[in-house]
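Keeping their order, the protein sequence lines are chains A and B. Just so we're aligned, residue 27 is where the first sequence starts under the working numbering, counting upward by one. Just so we're aligned, residue 143 is where the second sequence starts under the working numbering, counting upward by one. Even glycine gets a Cβ: it sits at the ideal position worked out from N, Cα and C.
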Amino acid sequence: MMGQENVIPWGNVIFVLLVRFAAVFVILGVLQIGLYASAAIVSKLLATVKRK
Amino acid sequence: METQAVDVIEMLRQILDQMGILNMNWKYPVMWLIGCLFIYLAIRHNFEPLLLLPIGFGIFLVNFPLTPLMGEGTKEGHRELIQIFYHYGLAWEVIPCVIFLGLGAMTDFGSLIANPKTLIVGAGAQLGVFITFCGSILLCGFTLKEAASVGIIGGADGPTTIYLTQKLAPHLLGMNAIAAYSYMAMVPLIQPPIMRLLTTRREKQIIMRQMRQVSRTEKIIFPLLATALISLLVPAVMPLMGMFMFGNLMRESGVVQRLSDTAENALMNIVTIFLGISVGATMQADKFLSPKPLMIFGLGLLDFAVCTAGGILTVKLMNLFIKSENRMNPLIGSAGVSAVPMAARVSQVVGQKYNPQNFLLMHAMGPNLAGVIGTAAAAGMFISMFK
């Protein structure tokens with residue numbers, strides 16, 4: 027079952043996984059910031075349109 | 143006279159050789175039972191019937207000797223029937239992407255747009271995916287690629303599981319898909335004990351602030367924004383996410399009602415038929431009756447439980463940094479696994495048990511949709527790791 031990977035460098039694997047897991051937070055965090063920004067822009071635009 | 147007798151015997155022998163009954167072994171009836179169990183669960187208990195029924199029949203159908211359904215065929219370039227569905231639908235990774243198109247057309251992202259911080263819950267709920275990756279290697283001796291494909295089961299997202307497994311460990315496709323869909327069907331059984339265990343009575347009773355109204359403009363911008371950001375950050379999952387966002391744009395634009403309707407109904411139903419029967423057909427006796435599937439089912443359960451816990455703990459952690467009037471009910475954290483909308487419904491049901499005035503469904507839809515994006519992001523991480 028192990029195939030060719032007989033010796034697994036666990037230190038590296040865990041470090042890579044931690045970084046990848048953190049990257050998932052970063053991706054969704056960036057999307058979150060994008061949502062807040064787009065909500066702010068849209069509400070300002072709508073307010074401007076209404077004032078006009 | 144004697145030659146004629148020999149010819150008849152030879153002919154009879156050939157006829158008998160071409161009958162399935164003489165090629166039977168004990169493995170086939172075992173697979174029939176497994177297929178019938180899926181059909182029973184779908185019909186009797188209504189467990190994900192749209193998938194379990196075709197999967198169950200697929201298992202039953204291909205587990206008869208000599209049936210020309212899943213082979214490469216005798217003529218060059220001429221595959222057998224279900225092999226054609228499998229090859230062009232799953233091996234070419236078309237069906238999971240088309241399913242995401244339909245899901246996008248069905249999804250209202252309003253609750254996520256109204257409360258963007260729930261996106262982080264969807265990331266926290268991927269904890270089990272990474273823990274199971276390690277567990278699969280340590281406990282069961284899976285290869286790195288196999289471990290990644292088993293780990294993604296905890297995200298409880300069938301199409302993403304199929305997409306990743308097909309890319310990294312296609313020989314585990316049937317088992318992983320069935321484990322993912324089985325646990326999705328069992329969300330109401332698996333999640334509540336974990337939710338009760340990890341939250342206090344007071345936390346369960348938190349009433350969340352009513353969400354703001356989301357404008358149509360925001361809903362139209364969302365798929366464009368998400369497409370751009372996800373493309374820039376995890377391009378590996380854009381076949382899935384691109385289709386998801388395209389389906390959603392068709393829905394929210396309101397100008398292509400016919401296309402949106404086709405994507406979420408007719409097209410979705412058509413691909414579901416081919417998906418179900420092809421996945422079931424990959425479970426042939428020789429491949430399935432080994433210790434590996436049992437390990438995958440065990441690891442999948444652990445994975446799903448840790449992902450549920452990850453979502454709940456993320457909400458609890460976030461509450462430490464949020465003003466008290468904006469606090470979230472940790473019960474919505476369990477919806478951070480995908481399983482849309484079943485996981486959100488479970489949050490609602492458990493929340494109402496502790497406070498009948500509490501309506502968590504729409505609040506839980508935010509983490510639920512974030513879970514879909516989070517699982518795809520985790521899959522993208524694995525794909526880029528092994529590219």
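| Check | Outcome |
| --- | --- |
| What's the C-alpha gap between arginine 487 of chain B and glycine 37 of chain A? | 40 Å |
| Residue range of the alpha helix (DSSP H) that glycine 213 of chain B falls in? | Segment: none, glycine 213 of chain B is in no alpha helix (DSSP H) and carries neither H nor E. |
| Going along the stretch 47–71 of chain A in order, which residues come within less than 7 Å of chain B, judged by CB to CB distance? | Phe47, Ala49, Val50, Phe51, Ile53, Leu54, Gly55, Val56, Leu57, Gln58, Gly60, Leu61, Tyr62, Ser64, Ala65, Val68 |
| At the level of alpha carbons, what is the spacing between leucine 208 of chain B and isoleucine 176 of chain B? | 19 Å |
| Work out the CA separation of glycine 442 of chain B and methionine 212 of chain B for me, nearest whole Å. | 27 Å |
| Give me the chain B residues within the contact set of valine 42 of chain A, using Cβ-Cβ distance strictly less than 8 Å, ordered along the chain. | Met527 |
| Taking the alpha-carbon positions, what's the valine 150 of chain B to proline 210 of chain B distance? | 26 Å |
| Given a threshold of 16 other Cβ atoms within 10 Å of its Cβ, counted over all protein chains shown, does aspartate 159 of chain B qualify as buried or as exposed? | exposed |
| Is the shortest distance between the beta-carbon of threonine 359 of chain B and the beta-carbons of chain A less than 7 Å? | yes |
| Which residues bound the alpha helix (DSSP H) around alanine 290 of chain B? | 286–293 |
| What does the alpha-carbon distance come out to for the pair leucine 112 of chain B and serine 69 of chain A? | No information on residue 112 of chain B is available, as it lies outside the stretch 143 to 529 that chain B covers here. |
| Can you check the stretch 432–491 of chain B for any alpha helix (DSSP H) of at least 4 residues that lies completely inside it and give the ranges in chain order? | 433–461 |
| Taking methionine 328 of chain B as part of the alpha helix (DSSP H), name the residues at either end of that continuous run. | That residue, methionine 328 of chain B, is in no alpha helix (DSSP H); it is neither H nor E in DSSP. |
| Taking just the CA atoms, how far does threonine 260 of chain B sit from alanine 49 of chain A? | 17 Å |
| Quick check on the burial criterion: 16 or more other C-beta atoms within 10 angstroms. Buried or exposed for methionine 27 of chain A? | The pLDDT assigned to methionine 27 of chain A is 45, lower than 50, so where the model puts this residue is not dependable; a value taken from the coordinates is nonetheless given after this. It counts as exposed. |
| Roughly how many whole angstroms lie between the Cα atoms of glycine 231 of chain B and phenylalanine 416 of chain B? | 8 Å |
| Which of the residues in the stretch 501–512 of chain B, read from start to end, lie with their CB under 7 Å from any CB of chain A? | Ala512 |
| Starting from the Cα of valine 457 of chain B, find the closest Cα among B:Gln490, B:Leu391, B:Thr341 and give me that residue. | B:Thr341 |
| Quick one: which chain A residues come within Cβ less than 9 Å of phenylalanine 430 of chain B? | The contacting residues do not exist; phenylalanine 430 of chain B stays about 16 Å from chain A at best. |
| For threonine 307 of chain B, name the three-state secondary structure that DSSP assigns. | helix |
| Nearest by alpha-carbon distance to methionine 380 of chain B: which of B:Phe227, B:Gly300, B:His220, B:Phe242 is it? | B:Phe242 |
| Alpha carbon to alpha carbon, what distance is there between methionine 353 of chain B and threonine 74 of chain A? | 24 Å |
| With a cut-off of 7 Å, does the C-beta of isoleucine 255 of chain B fall near any C-beta of chain A? | yes |
| Quick check on lysine 259 of chain B: does DSSP put it in helix, strand or coil? | coil |
| Following a CB-centred definition, is tyrosine 325 of chain B positioned closer than 6 Å to any heavy atom of the ligand MN? | The ligand MN is absent from the structure shown, which contains no ligand whatsoever. |
| Please list the partners that glutamine 268 of chain B has in chain A, where partner means a Cβ-to-Cβ separation under 8 Å. | Phe47, Val50 |
| Helix, strand or coil: which one does DSSP assign to glycine 162 of chain B? | helix |
| When you compare only the Cα positions, how much space is there between valine 148 of chain B and glutamate 222 of chain B? | 34 Å |
| Going by beta-carbon coordinates alone, are leucine 382 of chain B and cysteine 239 of chain B separated by less than 7 Å? | yes |
| Between which two residues does the alpha helix (DSSP H) carrying alanine 423 of chain B extend? | 410–423 |
| Thinking just about the alpha-carbon of each residue, which of B:Leu511, B:Phe528, B:Met328, B:Ala520 is nearest to the one in leucine 245 of chain B? | B:Leu511 |
| Output the distance between the C-alpha atoms of valine 204 of chain B and glutamine 426 of chain B, rounded to the nearest integer angstrom. | 7 Å |
| Looking only at its chain, what residues have a beta carbon closer than 8 Å to the beta carbon of isoleucine 255 of chain B, apart from the 5 residues adjacent to it on each side? | Val356, Glu360, Lys361, Phe364 |
| Are the stretch 470–479 of chain B and the stretch 445–459 of chain B in contact at 8 Å, needing three or more beta carbon pairs? | yes |
| Near glutamate 152 of chain B, what residues of its chain come up, given a Cβ to Cβ distance below 7 Å and the 5 sequence neighbours on each side ignored? | none |
| Got a sec? Which residues, its chain only, sit under 8 Å from leucine 179 of chain B by beta carbon, not counting five neighbours each side? | Gly198 |
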